[in-house]
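Inspection log for the structure reproduced underneath, given as structure tokens.
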Amino acid sequence: MGSNGWNQSAILDIARQLRDEPGALLLILRRIQDELGWIPEQSVPLIADVLNLSRAEVHGVATFYHDFRHHPPGRHVIRLCRAESCQAMGAVALARHLEDRLGIGFGQTTADGRFTLDAVYCLGNCACSPALTIDGDIHGRVTPGRLDDLMAAVEERRS
Ligand code: FES
199 MGSNGWNQSA
209 ILDIARQLRD
219 EPGALLLILR
229 RIQDELGWIP
239 EQSVPLIADV
249 LNLSRAEVHG
259 VATFYHDFRH
269 HPPGRHVIRL
279 CRAESCQAMG
289 AVALARHLED
299 RLGIGFGQTT
309 ADGRFTLDAV
319 YCLGNCACSP
329 ALTIDGDIHG
339 RVTPGRLDDL
349 MAAVEERRS
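Read in order, the letters of the sequence shown are residues 199 to 357 in the numbering used here.
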């Protein structure tokens with residue numbers, strides 16, 4: 199569930215729940231992103247404290263992985279697959295269409311906060327390339343026209 203705010207006690211709860219798991223740091227970062235939609239910078243010292251790590255260690259891991267978001271996402275998140283099969287089947291045109299239509303590049307959010315555009319590298323849906331997800335729902339064999347319809351539908355659903 200996405201949220202534009204951040205909540206210290208939620209982050210501490212997550213860190214304390216997972217502190218003893220193998221690979222706790224990554225698990226904690228992933229859970230925070232799943233629940234908040236991003237990883238606020240303020241969570242770094244909290245996690246470091248719970249795991250008894252330095253802030254630099256936590257910050258290093260949080261910024262190493264491109265999947266982790268460091269700003270709140272838009273209301274809708276589009277993740278376009280840019281791996282080989284999808285690239286060969288029309289993802290290049292979809293990428294251009296999205297960038298033109300939204301006026302942003304990959305990894306960015308529109309100024310009005312409506313959409314965030316991310317690249318991913320294989321969604322496991324290669325047989326139905328080109329593929330993308332909108333708010334976590336996967337769609338295959340997407341054309342620019344169908345993409346417009348899907349975007350309109352998610353915006354409508356929200357209103
Ligand atoms: S290459 Fe795009 S879903 Fe696998």
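Backbone N, C-alpha and C fix where the C-beta goes; we use that ideal spot for every residue, glycine too.
Grab the span of the beta strand (DSSP E) containing residue i for me, first residue to last.
| i | result |
| --- | --- |
| residue 313 | 313-318 |
| residue 275 | 274-279 |
| residue 332 | 330-332 |
| residue 335 | 335-337 |
Using 7 Å as the cut-off, classify the Cβ of residue i as near or not near the heavy atoms of ligand 1, replying yes or no.
| i | result |
| --- | --- |
| residue 321 | yes |
| residue 255 | no |
| residue 293 | no |
| residue 241 | no |
| residue 297 | no |
| residue 281 | yes |
| residue 207 | no |
| residue 329 | yes |
Can you list, in chain order, the residues of its chain with a C-beta nearer than 7 Å to that of residue i? Leave out the 5 residues immediately preceding and following it.
| i | result |
| --- | --- |
| residue 295 | 342, 345 |
| residue 230 | 209, 212, 237, 241 |
| residue 305 | 316 |
| residue 275 | 314, 316, 333 |
| residue 266 | 227, 231, 237, 260 |
| residue 217 | 248, 249 |
Which first and last residues belong to the alpha helix (DSSP H) in which residue i is found?
| i | result |
| --- | --- |
| residue 245 | 241-249 |
| residue 308 | Unbroken run through residue 308: none, as it is neither H nor E. |
| residue 252 | Segment: none, residue 252 is in no alpha helix (DSSP H) and carries neither H nor E. |
| residue 209 | 206-216 |
| residue 237 | Run containing residue 237: none; DSSP gives neither H nor E here. |
| residue 298 | 290-300 |
Give every residue of the same chain whose Cβ lies closer than 6 Å to the Cβ of residue i, excluding the five residues on either side of it in the sequence, and list them in chain order.
| i | result |
| --- | --- |
| residue 316 | 277 |
| residue 202 | Here the model assigns residue 202 a pLDDT of 49, short of 50, so the residue's position is not dependable, and the following value carries that caveat. Correct list, in chain order: 270. |
| residue 219 | 225 |
| residue 301 | none |
| residue 307 | 272, 314 |
Excluding sequence positions up to five away, which residues of its chain have a Cβ less than 8 Å from the Cβ of residue i?
| i | result |
| --- | --- |
| residue 348 | 332, 337, 340 |
Cβ contact (3+ pairs, closer than 8 Å) linking the stretch 280-291 and the stretch 242-259
no
Give a yes or no on contact between the stretch 250-260 and the stretch 291-305, applying the rule of three or more CB pairs nearer than 8 Å.
no
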